[in-house]
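Data first, discussion second: the structure below is written as structure tokens.
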Amino acid sequence: MVTATAMDMETGIMKTKKTALLLLGGALSILGLQAQDYSPYNNPGFDPLTRELYQAGLKANTSIRPLRMDQLAGSFNTDSLIQRQLRKPEGRLNIWQRFIHDDFIRWEKPGASPIVVTVNPYFNFELGQDRGYERNIWTNTRGGLVDGKLGKNLAFHTALFENQSVQPTYINDFINSRGVVPGQGRAKTFGDEGWDYSQSSGYLSYNAGEWVNLTLAYGKNFIGDGYRSLLLSDNSYSYPHVKMKTTFWNVEYLVMLAQFAHYDDLQRSGDERFPYKYGVFHYLNWNIGSRFSLGFYENVIWAAEDQTGYRGIDLGYVVPVILYRPAEYSVGSPDNVTMGFNLKFIPWKDAALYGQIVINEFKLDEITSGEKWWANKQGFQVGYKHYNFLGISNLDVQTEYNQVRPFTYAHYSPINNFGHMNQELAHPLGANFRESISFLTYRHRRWHLHLEAMYAIHGKDYYDASRPADEQISWGGDIFVSVNNRFDSHGHVIGQGMETTIQHAAASVSYLINPKNNMNLSVGLRMRKSESDLASEESTLINFAFRTSLRAFYLNF
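All you need for this note's numbering is the position in the sequence shown, starting with 1, plus 48.
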């Protein structure tokens, strides 16, 4: 195996970054630009915008998140939606009033090239107990967000969060095995039982005329209309990416180049670099008529360095109008290609039937043979959501079913899996599972009630003490294990391996203080039970929190 020296790799990395920045800078200098920003409201329980979009005839694209605020502004008064009809003092606000009613700091310079800069706190101060293990839990998150628009050419966002916490037992076990806090990156120990971790994000965003937007970012993305996504979700840690979105007629087209990290060894010291890989994503969403939309998706993942040496960015994949299967085959088929579809139908106002299909491998004769070939790597999602259910204002319901076959998203070379920093880029259960999950949310003025129920069957990989360490079998649930470790070519079914049932039930009541940054007081209860032939775990979690609920974290796994 040929490996590049550290200096060669760093040189390649610098060249790649310089090339990307020069290409972006050149494009921006040529095109006439209009600033645009993205919605910061990515927590499903406190999102005031998405619930307004499921109306027949509305051309807004609902399946690419975060949402673009400039597109929403064409159909809605977004300031009014964010305020949620809550009272706000009139006139000039003092610092305390700004803290609980508005942007904490806001500076504006009017004129032909207006400037707007806002600064807001981000925090989560949480206390609770894991009653199943008599374990006191807490979270101490401090951070801030800065957003701005500079004239008509540039919008930007930057955020930084610092955290210490003692987590519930099942999440603590996850951190010990993966080396990362779910959705929040690499962790180091803090005290006797705690963890210390941080996260940053940001973007520069430009509208290049009427049709094209260019964004250089360090953050997350989500493709789909459901709570989960089988194509690309915001489950994992943030990652650097550059994306172009083109909007014309009834079509929106996304092209994105991203860089991901592969955790090959959790024991690396702080000054060592993890191997990394690249991904290119294409997603085209077409609104057909006034009620139906269809999205076409494909992506390819490849290692920055393989047996031939340092590859860097493969320009054959960067072309925005190309199908990846022929391009991948032309370079020797070493990479991991996934394709899929996203569908949405609006049967009536404020409601949607939606679904996804993901295809990692497809051979029709193997599918129809009924012999359950290992590389029948597919999955699907079906769901229904209804806002203002039964005509009751602000009563929202959603129910969803997800199913993914064994070995989907995995690869014979583990670095090419569909993951980032030891977390899945799609569903948090990885593969080899069936899941049903439902929600009910009700808001009355500032009060929020949130109910949640989830049931899943997951075929987990496990350590077989009767086999040597280098002969362990992969059952297709862990996408970070090579598919070459499977037991046979046929006879693979969902739930194989250590069949585990997972049950979640959760309820919370929150009081919204500041709608600008979703500042709220909350009390919650979560019950979780995980059961298999080898182990059984049961927890009851109670927590009290003072927080700003902007980001989405998926703890129901």
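Where a beta carbon is used, it is the ideal one built from N, C-alpha and C, also for glycine.
Taking histidine 498 as the centre and dropping the five residues before and after it, the same chain places the C-beta of Gly93, Thr489 and Ser556 closer than 6 angstroms to its C-beta, in chain order. Aspartate 312 carries a coil assignment under DSSP once its states are collapsed to helix, strand and coil. Cα atoms of valine 165 and aspartate 150: separation of roughly 13 angstroms, rounded to the nearest angstrom. Proximity of the region 97-111 to the region 397-404 meets the contact definition, three or more beta-carbon pairs being nearer than 8 angstroms. Between alanine 504 and leucine 477, the C-beta gap is smaller than 8 angstroms, which places the two residues in contact.
Cβ neighbours of leucine 279 within its own chain (closer than 7 angstroms, five residues either side excluded): Ile271, Gly272, Tyr345, Gly388, Asn390, Gln404, Val406 and Ala474. The shortest CA-to-CA distance from tyrosine 510 to any of Glu483, His492, Met546 and Ile527 is the one to Met546. DSSP places histidine 330 in the strand class (E or B) of the three-state scheme. In the DSSP assignment, the residues bridged to glutamine 307 are Tyr326.
In this structure, Phe410 is the residue among Lys392, Gly267, Phe410 and Tyr402 with its C-alpha nearest to the C-alpha of threonine 386. Under the criterion of beta carbons closer than 8 angstroms, asparagine 188 and phenylalanine 173 qualify as touching, at roughly 6 angstroms.
The beta carbon of lysine 325 sits closer than 7 angstroms to the beta carbons of Phe308, His310, Ile349, Trp350, Ala351, Ala352, Ile463 and Asn464 from its chain, once the five residues preceding and following it are set aside; these are given in chain order. Secondary structure note for methionine 387: it is in no alpha helix (DSSP H), and the uninterrupted beta strand (DSSP E) holding it is 384-393.
In the structure shown, proline 92 falls within a helical segment according to DSSP collapsed to helix, strand and coil.
As computed with DSSP, aspartate 195 is found in a beta bridge with Thr166 and His205. In summary, glutamate 419 is exposed, with fewer than 16 beta-carbon neighbours lying within 10 Å of its beta-carbon over all protein chains present.
The residue from Gln119, Met502 and Phe487 with its alpha-carbon nearest to that of lysine 293 is Gln119. A distance below 8 angstroms between beta-carbons, with the five flanking residues on each side excluded, links histidine 540 to the following residues of its chain, in chain order: Lys420, Trp421, Trp422, Asn424, Arg453, Pro454, Phe455, Gly524 and Arg534.
For glycine 176, the closest alpha carbon among the candidates Tyr602, Ser570, Asn604 and Lys577 is that of Ser570.
Between isoleucine 394 and the set Trp495, Ala108, Pro88 and Gly507, the nearest pair of CA atoms involves Ala108.
Its chain contains Leu477, Asn480, Phe481, Gly525, Thr548 and Ile550 as the residues whose beta carbon lies nearer than 7 angstroms to that of histidine 506, once the 5 sequence neighbours on both sides are disregarded; these appear in chain order.
With a threshold of 16 other beta carbon atoms within 10 Å, valine 299 falls short and is exposed. Boundaries around glutamine 551 are those of the beta strand (DSSP E), 546-562, since no alpha helix (DSSP H) includes it. The residue from His459, Lys564, Glu585 and Ser597 with its alpha-carbon nearest to that of glycine 180 is Glu585. Rounded to the nearest angstrom, the gap between the Cα atoms of glutamate 210 and leucine 141 is 29 angstroms.
Residue range 412-417 is occupied by the alpha helix (DSSP H) that includes aspartate 413. When only Cα atoms are considered, glycine 343 and glycine 242 end up about 42 angstroms apart. Taking a cut-off of 8 angstroms for Cβ pairs, the region 154-162 and the region 191-203 touch, as three or more such pairs fall below it. The Cβ atoms of glutamine 232 and tyrosine 285 sit closer than 8 angstroms to each other.
Contact check for tyrosine 275 against arginine 576 fails: the beta carbons are separated by 8 angstroms or more. Distance from the CA of alanine 235 to the CA of isoleucine 223, rounded to the nearest whole angstrom, comes to 8 angstroms.
Under the three-state reduction of DSSP, aspartate 127 is assigned to helix. The beta-carbon distance between phenylalanine 428 and glutamine 451, rounded to whole angstroms, is 6 angstroms. This is short enough to meet the 8 angstroms contact definition.
In the three-state DSSP reduction, valine 541 falls in the coil class, being neither helix nor strand. Distance between glutamate 579 and tryptophan 297, taken at the CA atoms: about 50 angstroms.
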